[in-house]
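Line by line, the protein sequences give chains A and B.
Residue numbering for the first sequence is 59 to 308, as defined by this note's numbering.
Residue numbering for the second sequence is 153 to 389, as defined by this note's numbering.
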Amino acid sequence: MLSVSNVHKAFGDNEVLKGVSFSVEKGDVVAILGSSGSGKTTLLRCLEFFEKADQGTIKIGETQADLHTASRQKIHELRQKTSFVFQNYNLFNNKNAIENVELGLTKGHGVSKVRAKEIARRSLEEVGLADRFDYYPSELSGGQQQRVAIARALAVEPEVIFFDEPTSALDPELVGEVLETISKLAKKGVTMVIVTHEMAFARDVATKAIYMDKGVIVEQGEAKELFTHPKEERTRQFLSRFLEGYDYVI
Amino acid sequence: MRTINLSRILEYFLKSLPNLRVTLTYVFFSLILGFALGGLIAKGRMSRNKAISALAQGYVTLVRSTPSIILLFLVFYGLSAVTTGAFNIFLNSLPTVVFVIITFTINIGASSSEIIRSAYNSVSKGQLEAALSVGMTQLQAFNHVLLPQMFRNSIPNIGNTIIFLIKEGALAYVIGLRDVLGQAYFLSALDMNAYALDMCVALTLIYWPITAGLEKLFSVLEKKLEYKHVVVLEQKT
Numbered sequence: 059m060l061s062v063s064n065v066h067k068a069f070g071d072n073e074v075l076k077g078v079s080f081s082v083e084k085g086d087v088v089a090i091l092g093s094s095g096s097g098k099t100t101l102l103r104c105l106e107f108f109e110k111a112d113q114g115t116i117k118i119g120e121t122q123a124d125l126h127t128a129s130r131q132k133i134h135e136l137r138q139k140t141s142f143v144f145q146n147y148n149l150f151n152n153k154n155a156i157e158n159v160e161l162g163l164t165k166g167h168g169v170s171k172v173r174a175k176e177i178a179r180r181s182l183e184e185v186g187l188a189d190r191f192d193y194y195p196s197e198l199s200g201g202q203q204q205r206v207a208i209a210r211a212l213a214v215e216p217e218v219i220f221f222d223e224p225t226s227a228l229d230p231e232l233v234g235e236v237l238e239t240i241s242k243l244a245k246k247g248v249t250m251v252i253v254t255h256e257m258a259f260a261r262d263v264a265t266k267a268i269y270m271d272k273g274v275i276v277e278q279g280e281a282k283e284l285f286t287h288p289k290e291e292r293t294r295q296f297l298s299r300f301l302e303g304y305d306y307v308i
Numbered sequence: 153m154r155t156i157n158l159s160r161i162l163e164y165f166l167k168s169l170p171n172l173r174v175t176l177t178y179v180f181f182s183l184i185l186g187f188a189l190g191g192l193i194a195k196g197r198m199s200r201n202k203a204i205s206a207l208a209q210g211y212v213t214l215v216r217s218t219p220s221i222i223l224l225f226l227v228f229y230g231l232s233a234v235t236t237g238a239f240n241i242f243l244n245s246l247p248t249v250v251f252v253i254i255t256f257t258i259n260i261g262a263s264s265s266e267i268i269r270s271a272y273n274s275v276s277k278g279q280l281e282a283a284l285s286v287g288m289t290q291l292q293a294f295n296h297v298l299l300p301q302m303f304r305n306s307i308p309n310i311g312n313t314i315i316f317l318i319k320e321g322a323l324a325y326v327i328g329l330r331d332v333l334g335q336a337y338f339l340s341a342l343d344m345n346a347y348a349l350d351m352c353v354a355l356t357l358i359y360w361p362i363t364a365g366l367e368k369l370f371s372v373l374e375k376k377l378e379y380k381h382v383v384v385l386e387q388k389t
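Below you can see the structure in the form of structure tokens.
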């Protein structure tokens with residue numbers, strides 16, 4: 059359903075992505091793991107055309123495009139099939155929660171105002187914010203903001219939602235509510251690609267896992283398999299700290 | 153020693169006040185045209201094309217280092233000289249206020265470009281990406297997400313610009329504009345400037361409440377546009 063092949067991206071001399079390929083089937087929840095600086099976020103941003111990749115192709119459904127040369131029209135077409143959840147939420151500060159969700163529907167997807175309101179209501183209820191419709195981002199906690207952002211991404215019924223470290227900017231006690239929301243979507247069969255550092259979450263919720271290091275995919279496969287029987291030494295090392303259940307006690 | 157006379161102040165006040173309409177005319181048009189020009193200049197300055205960016209920067213520097221009064225003379229005499237010399241078009245018949253509007257469009261074009269640029273930078277670009285990610289176009293994202301916030305963030309600066317225009321525009325009496333100040337000067341001249349002090353007091357009494365009122369208006373507007381939800385009280389049954 060989504061396939062990505064041979065993505066290259068360099069910032070100056072720094073080669074961040076060195077030929078990344080993977081594919082996602084409908085209903086998959088793909089976790090992209092890796093230490094900081096491995097290129098996970100850049101990969102996701104290239105797929106949404108926030109960064110211009112140096113090379114590579116993307117195919118969503120029947121729409122295919124070159125990540126480097128895609129026309130404005132093509133980019134727009136592909137973006138209408140995807141949506142994105144950001145590390146720092148990026149809610150529209152001049153809109154309240156329900157308007158944040160509606161805007162993408164009415165402006166981005168040509169849905170009528172009445173219908174958009176209905177969908178927005180339902181989406182916000184789904185992420186547990188039925189009592190926060192008319193609250194502005196500045197009045198919501200980080201966890202609530204991120205859930206509005208998830209509702210916004212969900213409402214446009216994309217073929218796939220990209221999550222870029224959705225819990226990394228949150229206070230620890232707020233991480234749970236966001237992960238719970240994402241798990242709920244996973245159970246409903248929403249296709250998602252999630253860059254995350256939450257290993258337990260990735261193991262339990264993801265169907266597929268991809269481990270990246272230094273701009274390449276070291277290993278990818280069934281999430282359960284990758285966590286329990288990693289084939290590559292590098293994957294094993296990365297997972298070891300998590301698998302051995304180290305706790306930091308100060 | 154001269155003394156001021158209340159009835160004479162009142163007379164100057166009442167006879168100059170109707171010309172506020174001229175003041176408001178050039179303020180309105182200079183503001184709109186100036187900000188439109190400022191938008192273009194700001195876009196030019198943020199352009200990736202070095203030549204365009206340098207050109208916009210040069211414009212801002214040049215205009216900002218020209219005193220308004222000199223710019224007024226340059227536009228009033230210079231523009232006519234150029235059009236007459238080059239195209240044999242005489243601008244003499246144009247109303248003076250047109251020259252004033254041109255002058256302050258040039259002037260506000262420079263200063264507002266800085267206002268617009270800082271307003272643009274004050275809105276996080278992540279919101280633009282978010283808008284694009286839900287299928288909006290660049291233009292839709294700008295109109296519905298960036299622009300309202302840019303406007304909200306620059307309300308104090310827009311207010312300052314209007315107040316600046318009302319006061320600075322008074323200089324246009326030197327090219328014969330009959331705005332509030334021009335009219336008062338004219339009346340004063342009829343009295344051989346014998347009562348110049350009365351005239352100045354009358355003018356002060358006109359300018360003060362306008363400026364104070366605008367200040368208040370803009371601070372209220374700024375509060376009104378704060379992005380806060382409105383608590384709707386449940387109707388008692």
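Positions of the beta carbon are idealized from the N, C-alpha and C atoms, including for glycine.
Around the C-beta of A/G166, 16 or more other C-beta atoms lie within 10 Å, and the residue is accordingly described as buried. B/V372 sits in a helix when the DSSP states are folded into three classes. For A/Y269, the enclosing beta strand (DSSP E) starts and ends at K266 to D271. The DSSP-derived three-state label of A/N152 is coil. In summary, the residues of the region 286 to 308 of chain B whose CB is separated from some CB of chain A by less than 8 Å are V286, G287, M288, T289, Q292, H296, V297, P300, Q301 and R304, in the order they occur in the chain.
Under the DSSP assignment, A/E135 falls outside any beta strand (DSSP E), being part of the alpha helix (DSSP H) whose first and last residues are R130 to R137. Of all residues in the region 176 to 190 of chain A, none is placed with a Cβ closer than 8 Å to any Cβ belonging to chain B.
The contact set of B/A282 on chain A, defined by CB atoms closer than 8 Å, consists of F142, F144, N148, L149, F150, A207 and R210 in chain order. The DSSP assignment places 218 to 222, 250 to 253, 266 to 271 and 274 to 280 as complete runs of the beta strand (DSSP E) inside the region 213 to 296 of chain A, in order along the chain (cut-off: 3 residues). Inter-residue distance for A/E238 and A/V274 is about 30 Å (C-alpha atoms, whole angstroms). Under the DSSP assignment, B/S274 falls in the alpha helix (DSSP H) whose first and last residues are T248 to S274. Two segments are said to touch when three or more pairs of C-beta atoms, one from each, lie closer than 8 Å; by this definition the region 248 to 268 of chain A touches the region 278 to 293 of chain A. Under the three-pair Cβ rule at 8 Å, the region 344 to 359 of chain B does not count as touching the region 252 to 268 of chain B. The count of Cβ pairs closer than 8 Å, one atom from the region 82 to 91 of chain A and one from the region 241 to 257 of chain A, reaches three, so the stretches are in contact. Beta-carbon to beta-carbon, A/K139 and A/I116 are separated by about 10 Å, too far to satisfy the 8 Å threshold.
Here the C-alpha atom of B/H296 lies approximately 27 Å from the C-alpha atom of A/T100.
Annotation for B/S306: the continuous alpha helix (DSSP H) segment containing it runs L299 to E320.
Rounded to the nearest whole angstrom, the CA to CA distance from A/V214 to A/V74 is 31 Å. At the C-beta level, A/V236 and A/Q204 come within 9 Å of one another. Note that the region 180 to 198 of chain A does not touch the region 217 to 234 of chain A; fewer than 3 beta-carbon pairs, one per stretch, sit closer than 8 Å. Shown here for A/A111: same chain residues with a beta carbon closer than 8 Å to its own, the five before and five after excluded, namely V65, H66, K67, L75, C104, L125 and H126 in chain order.
The CB of B/Q209 never comes closer than 9 Å to any CB in chain A; the least such distance is about 26 Å. Closer than 7 Å at the C-beta level to chain B, one finds these residues of the region 152 to 173 of chain A: N152, N154, L161, G162, K165, G166 and H167. For B/T213, the enclosing alpha helix (DSSP H) starts and ends at K202 to R216. Taking 9 Å as the cut-off, the Cβ atoms of A/L136 and A/V206 do not count as close. Counting C-beta pairs closer than 8 Å gives three or more between the region 348 to 357 of chain B and the region 159 to 175 of chain B, which meets the contact rule.
By alpha-carbon distance to A/L212, the top candidate from A/G168, A/A244 and A/D189 is A/A244. Within its own chain, the residues whose Cβ lies closer than 8 Å to the Cβ of B/N171, once the five positions on either side in sequence are excluded, are R330, D331, V332, G334 and Q335, listed in chain order. The beta carbon of B/G186 lies closer than 6 Å to those of T257, I260, G261 and S264 in the same chain, with the five residues before and after it left out. Relative to B/S276, the option among B/V215, B/A293 and B/M288 whose CA is nearest is B/A293. A/P288 counts as buried, since at least 16 other C-beta atoms from the protein chains shown sit within 10 angstroms of its C-beta.
C-alpha of B/P308 to C-alpha of B/S371: approximately 7 Å in a straight line. In the three-state reduction of the DSSP assignment, A/T164 falls in the helix class, which pools H, G and I.
The C-beta of B/T175 has 16 or more other C-beta atoms within 10 Å across all chains shown, which makes the residue buried. Rounded to the nearest whole angstrom, the C-alpha separation of B/I315 and B/T363 is 6 Å. Under the three-state reduction of DSSP, A/F80 is assigned to strand.
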